[in-house]
Structures are given as structure tokens and as C-alpha cells.
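Engineer: Here it is, the structure, as C-alpha cells.
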Amino acid sequence: MIWAVSLVCLSGAALAAWHFQRPGPPRVRISFLRFLGALPPAPTRATRLALVWPRDPISLLCLVLAVLAALWALRNAERTILAERPDHLGLRVVLDASHSMSLTEPGTQDAGATRYARALARIEAARRVIAGAGPQSLCVELVAVGAQAGPVTPLPADRPVTALAPAAALPQGADPARLTEAAALPRGACALSHVLIVSDLPPTGATRLPDGVPILWDQIGAPQDNAGLRSLALRPAAFGQVQPELLIFGSASAALPERVLLNGPGRAQELPVMALAEGGPGAWQAIGSYAGPGRYEALLPEGGAYRGDDRIVTTLSAPPQLAVDWRLSGLARPAALAAGGAGDLLVTARSALRPGDLARPLILTYPAFSGARAPLRLGAFREDPALLRMLSLDALEAAGPAAWPAPLPPGFLPVLTLETGAVIAARRLSPPGLILPEPVLDPASPARNLTLALFFGGLADLAAPPPQPQPLRWGLPDGTEITQAWRESATARPAGRPADLALLTDPGDRRQTEPAWPWALVLALAALLGERLNRALRRKEGV
């Protein structure tokens, strides 16, 4: 019992102690920043331009230098330097060995010597000049040129030029283009420093090869008057009333020759020479008769200094018969014209025109004098000798022709018009075409001769082909054939000044250029490296 009372008393004391206890002070967390004063506001930096000394002038200078050097390199920079005396001379000699070099030189110190012999002597003189210049190395090569350039031949110092060059001028014609091509042939073992061209042709104006090697042109040969044959053409007859003709063309540097001798099948002809206004100064022609197929030889007795262009030979065949697709009902086809087909010239009246005919070469006629006509006045007309050369315009006005009764087909342009602008005759260039008045066959009509002259003039212009140039062979009386001898005819050209062979040892104006852009790139890289090193040193000092 006492234990129970004791337990109850202890429990009551415990309850009283719990309810009557005093709570402790609360725990408060305080930031350390409350014990510090307020921080001042952070200063601001405004960037602005000002004329002040840069903070890092060395780095700035390096960057500017790098930019300038890069720009200089982009411009493919080069520098001019003073050239030294060459320690190597490589000479290519281009020798004109064409047939005109066989001419002799009257009135000179070496009278009687040919141009070719003088050229060989000039080459030997050039070899002596460069050998006396004292280079450490020396090489000479030779290219002989006729109609084409020959092979590149080494010319050793211990062998004369005559042992390696052709023995005499070649039976071939040359031109300046062949000489400059030979100068630019691919190089061999000889590294070229100069090119010497020896020729009786005048210089072309080229002074250097594409890679800069200088060209020295040495023209030899005094001017000598000459006349020569250049070409021969066969002109077929239009309607058979006359024989086909041979047209012989030539040139002369002074007075024209008086005659040309033409030998052909059956007979010889002596042809007078006539000047040609459209061929330039000295151009002329002679006209001979065609005597049938076979061999023809034209000879110029007064040929001047050069004989290689005085004789030409050709073999001619019979010219083809002209064919025409003839559809005119009132006028018969001329007997000399064969009956043609779809590919030949069409001659038809406007009333018989078929679809597609306008796309062919044709002569289109219309009735311009079908009834009584009053005199009319002509208007504008074009210069057309093939149509109007044999026509009397006054007589045509008196006859009073009617005009073409429809718009002109595409491509046709008026040749002859009335005062009102109406068209009487018209021409088309491609394909060839003519619009003409229909021929009047009544002998009593005043328009008969007018229309026949106009019609047959146009027919001859369209039906007859132009003169056909023939393949020719030039040759000497002894039978030697000269290839392209017409290239050698101009032997009266002015002679140039002799070349100064001392220039073969001179490196030009003693100035030359070499590329400088690689050095500009090196300078730019060095400037960038300097800027990096300067910044690294400044950072180290700051630490």
C-alpha cells in the first residue's frame, strides 16, 4: 500500500514539475554581413576614342606590319634588281632557208653572193660574238625553216654552220609566222638566253618569246623589183555562147608585166595584162580561153628578180554542165543548160509557183508588159551590175512596166522601183533569188530587148558559179617544183637595218625582276610572331 502511495506522489510531483518549468531563450541565426558596412558602387568604364598614345604600341606596330605585308603578297609583289653579266649563253638561230634566199645581191660588197650565203656568214659572226663574251657555258642550236620548221639541231663550236645547215636554199616558200613558230619550238638541252632570226623577210614586231627570251631579227637582202603569178581560176560559160575562161592573177612591185604566155591543149596564147583596182597596189590579171581538159602552163616572161613565181602548171578537167529546173512555158530552156532537178536553180512564173518553191534558189517572173502601158517614172534603185549593167533605164521608163502585184516574199529586197515605191525587180541573198519581169518575145514590142537583157543577166548571175580556183604547181624551167612560191614574190620590200649582234651578250637593260611575295609572307608571319612574344612578356611582368 505504501508503494502505491509513493508511486502516486512521485507521479504527481513529476506532472507539476513539467507544467511549471520555464522555457529557455530561442536560438537565433544572424548573417555575418550585418556586421559589415555598405560597399561603395562599382566604378564603370566607358570606351571612347581619343588621340592618346596606345597602351601597347609594340603589339599594334607588329599587327599593322603583318597586314601590310599580307596585302603586298596578294598583289604578287616583285622587285627589280640589277642583272649581272651572264655566266651562260644559249642561242637558238632560226635560219630562213626559203627559195627567195637564193637571190644574188647586186651592188653590194659581196656582189654575186646569194642571200643564203650571207645568212650563213651572219650566223658564223654571231657565234664569234658570243664565244668572245667569255661565259662559263655556251650552247648554240639551229633551226632551218622553209614551208615548215625543220628539226632543232645542235651547232657545236668545232663544226662550221655549212656542215649542219642545208647546202642551199630550199625549193619552198616561207612566211614570218613559220619563223616565229620555229623560235618558240620546245627547248632541248640548251637553255636559251637569246634567239636570232636571219631572214630576208621584214620583222614581225615580236621582240620576246612568251617566257621572256629576247628575239633579235636580222633582215638581209636589198630590195629587188619582182612580178609573179599568184593564182589561176576557171570561169565556166553561162550558156555556151562563149567558151569557159581562165583567169590568171598576179602581183608586181613596180611596172606591170606586159604579157602572160599560156600553153594548153592545142595552142599557145599570149595574154595581155590588165591592172586590178580591187587587188591592191600592183595587182593584175590576164584572161585566157579554155581549150578543153588537159595540162595548162602559164609563164611570165618579164618576171623580175625572183624566178620561182614566174611559171605555174595545172591540170584542168571539163567544167560541169550547168543544170536548171526550167518551168517557163513561153521561153525554152537554153540548150547549154541541162535539165535540173530539186537541188538546182528553179526558173518559174509566179502563176506556176508551188508550195515550198520559195525555199529554193530561184528566178521568179511576173507579167510586167501584158498590155498597153503609159510611160512611168522610175524611183529608187540599188547598185546591182549583174542586173542593171546592160539595161537602159530611160527605155524602161518609156516602156511603162507594171509592178510586182503582191507583197515581196520574205528575204527579198527591192533592186528597182517605180516613183510610187512599187517594185519592178528584187533580189534575195540566201538562198539566192530574183524577182524579174517576164521576158517579152514579140519582136515588135519595145520591151523585148529590155526584158531579155534583164532576165538573162539575172540568169547568168545565179546559174553560173563563180570562178573556181585551181590547184597549182610553181616551178623552174628545169622542172624544180617550188612549194608555195607565191609567198616569195615580195622581194622589193624595204630592207631593215642589220642587227647589232653585240646584243646577243647583253642581258637586256641590265635590270630584271624576281618575285618578292614569298618574302612578304615571311615578313607577315614574323610580325605576328613578334606581337605574340610581346604580349607574353607583358603578362609575365604583370604577374
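This note's numbering runs 958 ahead of the 1-based position in the sequence shown. Built from N, CA and C at the ideal position, the CB exists for glycine as well.
#1: Please look up how many angstroms separate the CB atoms of L1258 and A1185, rounded, as I've assumed it's under 8 Å.
#2: Are the segment 1070-1077 and the segment 1456-1464 touching by the rule of at least three beta carbon pairs closer than 8 Å?
#3: Per DSSP, M1232 is paired with what?
#4: Looking at D1014: is its Cβ nearer than 8 Å to the Cβ of R1496?
#5: Just to confirm, is the Cβ distance from L1420 to L1303 under 8 Å?
#6: Counting beta carbon pairs with one atom in the segment 1167-1174 and one in the segment 1217-1230, are three or more of them shorter than 8 Å?
#7: Could you name each continuous beta strand (DSSP E) segment of 3 residues or more that falls completely within the segment 1122-1165, going from the start of the chain to the end?
#8: Pull up the CB-CB distance for L1394 and A1383, whole angstroms please, since I reckon it's below 8 Å.
#9: What number of angstroms, rounded off, separates the C-alpha of T1323 from the C-alpha of E1396?
#10: In terms of DSSP beta bridges, what is T1062 paired with?
#11: Starting from S1017, trace the alpha helix (DSSP H) in both directions and tell me its first and last residue.
#12: Could you work out which residue in R1080, L1376, S1060 is closest to T1072 when comparing CA atoms only?
#13: Could you check where the beta strand (DSSP E) with P1372 kicks off and where it finishes?
#14: Which residues bound the beta strand (DSSP E) around E1203?
#15: Can you tell me the Cα-Cα spacing of V1501 and L1483, whole angstroms?
#16: What's the gap between the Cα of A1147 and the Cα of C1097?
#17: Pick out whichever of F1339, D1054, I988 has its Cα sitting closest to the Cα of R1445.
#18: Can you tell which of D1400, P1277, G1261 has the C-alpha that lies nearest to the C-alpha of P1425?
#19: Return the residue from the list G1246, Y1264, L1214, L1220 that minimises the CA-CA distance to A1235.
#20: Is the CB-CB distance between Q1345 and G1416 below 8 Å?
#21: Am I right that S1189 and P1429 are in contact with their C-beta atoms under 8 Å? What's the rounded C-beta distance?
#22: Per the DSSP calculation, T1111 is bridged to which residue(s)?
#23: Where does the unbroken alpha helix (DSSP H) through E1355 begin, and where does it stop?
#24: Excluding the 5 residues flanking A1361 on each side, which residues of the same chain have their C-beta closer than 7 Å to its C-beta?
#25: Please report the Cβ distance between L1128 and S1058, rounded to the nearest whole angstrom; I am assuming they are in contact, meaning their Cβ atoms lie under 8 Å.
#26: Check this for me: beta carbons of E1260 and V1271, under 8 Å apart or not?
#27: Roughly how many whole angstroms lie between the Cα atoms of A1028 and R1493?
#28: In terms of residue numbering, what span does the beta strand (DSSP E) encompassing N1221 cover?
#29: Is R1497 helix, strand or coil by DSSP?
#30: A1300 to A1310, Cα distance in whole Å?
#31: Taking L1420 as part of the alpha helix (DSSP H), name the residues at either end of that continuous run.
#32: With H, G and I counted as helix, E and B as strand and the rest as coil, what does DSSP make of G1337?
#33: I1173 bridges to which residues according to DSSP?
#34: Could you please give the first and the last residue of the uninterrupted beta strand (DSSP E) stretch that includes L1047?
#35: Quick one: give me the first and last residue of the beta strand (DSSP E) that L1214 is part of.
#36: What does a CB cutoff of less than 6 Å around P1161 pick up in its chain, not counting 5 residues either side in sequence?
Structural biologist: Straight from the coordinates:
#1: Within the sequence shown, residue 1258 is the residue found at index 300, counting from 1. Within the sequence shown, residue 1185 is the residue found at index 227, counting from 1. By a beta-carbon distance limit of 8 Å, L1258 contacts A1185. Their separation comes to about 6 Å.
#2: Contact check between the segment 1070-1077 and the segment 1456-1464: fewer than three CB pairs, one atom from each, fall below 8 Å, which does not count as touching.
#3: As a first step, residue 1232 is located in the sequence shown; it is residue number 274 there, counting from the start. Per DSSP, Q1243.
#4: Against the sequence shown, residue 1014 aligns to sequence position 56. Against the sequence shown, residue 1496 aligns to sequence position 538. R1496 sits close to D1014, with the two beta carbons spaced by under 8 Å.
#5: As a first step, residue 1420 is located in the sequence shown; it is residue number 462 there, counting from the start. As a first step, residue 1303 is located in the sequence shown; it is residue number 345 there, counting from the start. Yes.
#6: In short, these stretches do not touch, since the Cβ pair count stays below three.
#7: You should have 1152-1157.
#8: Along the sequence shown, one-based indexing puts residue 1394 at 436. Along the sequence shown, one-based indexing puts residue 1383 at 425. By a beta-carbon distance limit of 8 Å, L1394 contacts A1383. Their separation comes to about 5 Å.
#9: The count along the sequence shown starts at 1 and reaches residue 1323 at position 365. The count along the sequence shown starts at 1 and reaches residue 1396 at position 438. Each residue's alpha carbon lies about 5 Å from the other.
#10: To locate residue 1062, count along the sequence shown from 1; it is residue 104. T1072, per the DSSP bridge assignment.
#11: By 1-based counting over the sequence shown, the position of residue 1017 is 59. In this chain, the alpha helix (DSSP H) harbouring S1017 covers 1015-1032.
#12: Residue mapping note: residue 1072 aligns to position 114 of the sequence shown, counting from 1. Closest by alpha carbon: S1060.
#13: To locate residue 1372, count along the sequence shown from 1; it is residue 414. Note, P1372: beta strand (DSSP E), 1371-1376.
#14: As a working mapping, residue 1203 is identified with position 245 in the sequence shown. Its beta strand (DSSP E) spans residues 1203-1210.
#15: Your numbering for residue 1501 matches position 543 in the sequence shown. Your numbering for residue 1483 matches position 525 in the sequence shown. In this predicted model, V1501 has a pLDDT of only 48, less than 50, meaning its place in the structure is not dependable; the value taken from the coordinates is given anyway. A straight-line Cα-Cα distance of about 28 Å links V1501 and L1483.
#16: Translated into the one-based positions of the sequence shown, residue 1147 becomes position 189. Translated into the one-based positions of the sequence shown, residue 1097 becomes position 139. Spanning the two alpha carbons is a distance of roughly 9 Å.
#17: Residue 1445 sits at position 487 when you count from the first residue of the sequence shown. The option with the nearest alpha carbon to R1445 is D1054.
#18: Numbered from its first residue, the sequence shown carries residue 1425 at position 467. Residue nearest to P1425 within the set D1400, P1277, G1261 is P1277 (criterion: CA-CA distance).
#19: In the sequence shown, residue 1235 corresponds to position 277, counting from 1. A1235 has its Cα closest to that of L1214, out of G1246, Y1264, L1214, L1220.
#20: Taking the first residue of the sequence shown as 1, we reach residue 1345 at position 387. Taking the first residue of the sequence shown as 1, we reach residue 1416 at position 458. The residue you asked about is not Gln; residue 1345 is Leu in the sequence shown. Using a Cβ distance threshold of 8 Å, L1345 and G1416 count as a contacting pair.
#21: Your numbering for residue 1189 matches position 231 in the sequence shown. Your numbering for residue 1429 matches position 471 in the sequence shown. No, S1189 and P1429 are not in contact; Cβ-Cβ is about 10 Å, not under 8 Å.
#22: Taking the first residue of the sequence shown as position 1, residue 1111 is located at position 153. L1100, per the DSSP bridge assignment.
#23: Locating residue 1355 in the sequence shown gives position 397, counting from the first residue. Under the DSSP assignment, E1355 falls in the alpha helix (DSSP H) whose first and last residues are 1351-1357.
#24: Counting from one through the sequence shown, the residue named residue 1361 turns up at place 403. Within its own chain, the residues whose Cβ lies closer than 7 Å to the Cβ of A1361, once the five positions on either side in sequence are excluded, are L1376, A1380, V1381, I1382, listed in chain order.
#25: Counting from 1 along the sequence shown, the entry for residue 1128 is found at position 170. Counting from 1 along the sequence shown, the entry for residue 1058 is found at position 100. With 8 Å as the limit, L1128 and S1058 do not qualify as a contact, their Cβ atoms being about 11 Å apart.
#26: The residue you call residue 1260 lines up with position 302 of the sequence shown. The residue you call residue 1271 lines up with position 313 of the sequence shown. Cβ atoms of E1260 and V1271: not closer than 8 Å.
#27: The residue given as residue 1028 occupies position 70 in the sequence shown. The residue given as residue 1493 occupies position 535 in the sequence shown. Here the C-alpha atom of A1028 lies approximately 21 Å from the C-alpha atom of R1493.
#28: For the purposes of this step, residue 1221 is identified with residue 263 of the sequence shown, where counting begins at 1. DSSP places N1221 in the uninterrupted beta strand (DSSP E) bounded by 1217-1221.
#29: On the sequence shown, residue 1497 is found 539 positions in, with the first residue counted as 1. DSSP places R1497 in the helix class (H, G or I) of the three-state scheme.
#30: As a position in the sequence shown, residue 1300 is number 342, starting the count at 1. As a position in the sequence shown, residue 1310 is number 352, starting the count at 1. Going from the Cα of A1300 to the Cα of A1310 covers about 15 Å.
#31: Numbered from its first residue, the sequence shown carries residue 1420 at position 462. Its alpha helix (DSSP H) spans residues 1406-1421.
#32: Position 379 of the sequence shown, counted from the start, is the residue given in the question as residue 1337. Strand.
#33: Stepping through the sequence shown from its first residue, residue 1173 is reached at position 215. As computed with DSSP, I1173 is found in a beta bridge with V1153.
#34: As a first step, residue 1047 must be located in the sequence shown, where it is residue number 89. Note, L1047: beta strand (DSSP E), 1046-1054.
#35: Residue numbering aside, residue 1214 sits at position 256 when the sequence shown is read from its first letter. It is not in any beta strand (DSSP E) - L1214 carries neither H nor E in the DSSP assignment.
#36: On the sequence shown, position 203 is the one that residue 1161 refers to. If the five residues before and after P1161 are omitted, its C-beta is found closer than 6 Å to the C-beta atoms of W1175, all from its own chain and listed in chain order.
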